[in-house]
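See structure below.
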Amino acid sequence: MSGSILKMGAIVSTAVAEGRSTILLAVRDTALDPADSGWQFTAGEFDPSLSESPQLWRIEEVLELEPSLAALVNRAPGARLMRSSKDADWTES
Numbered sequence: 001m002s003g004s005i006l007k008m009g010a011i012v013s014t015a016v017a018e019g020r021s022t023i024l025l026a027v028r029d030t031a032l033d034p035a036d037s038g039w040q041f042t043a044g045e046f047d048p049s050l051s052e053s054p055q056l057w058r059i060e061e062v063l064e065l066e067p068s069l070a071a072l073v074n075r076a077p078g079a080r081l082m083r084s085s086k087d088a089d090w091t092e093s
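In the working numbering, the protein residues as written are 1 to 93.
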């Protein structure tokens, strides 16, 4: 894993950031800023907490919460990873 991505920012939905839900969807868009990873981590396809104030975390903080993403965060923009529960495997869609 590239060490530089660990310090980059990512959007984390409020439900995930506050511990009300686990990460079930990870989407990587094209970053518009060098400090931005392009990643968004949410509680799923229709995470209502996205309309609240999502938080900005470093990728290393996301990996502390969800280590199963460590092998996946270097995926190229356009990556879309999903799982059905915390214990399920990640699938790319």
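All residues carry an ideal CB built from backbone N, CA and C; glycine is no exception. The structure presented is a predicted model; accordingly, all values stated were derived computationally and were not measured.
Residue i: first and last residue of the uninterrupted alpha helix (DSSP H) it sits in
i	result
Ala122	Residue 122 lies beyond the range of the chain shown here (1 to 93); nothing can be said about it.
Backbone secondary structure at residue i - three-state DSSP
i	result
Glu92	strand
Segment limits, beta strand (DSSP E) that includes residue i
i	result
Met82	80-82
Counted within 10 angstroms of its Cβ, other Cβ atoms place residue i as buried (16 or more) or exposed
i	result
Leu140	With the chain represented from 1 up to 93, any question about residue 140 goes unanswered, as that position is not in the structure.
Arg28	buried
Ser41	In the sequence under discussion, the amino acid at residue 41 is Phe, which differs from the Ser named in the question. Buried: at least 16 other Cβ atoms inside 10 Å.
Thr14	buried
Ala76	exposed
Pro67	exposed
Ser53	exposed
Ser84	exposed
Leu56	exposed
Length at least 3, wholly inside the region 18-63: the beta strand (DSSP E) runs in chain order: If we require 3 residues or more, the beta strand (DSSP E) runs fully inside the region 18-63 come out as 25-28, 36-42, 55-58.
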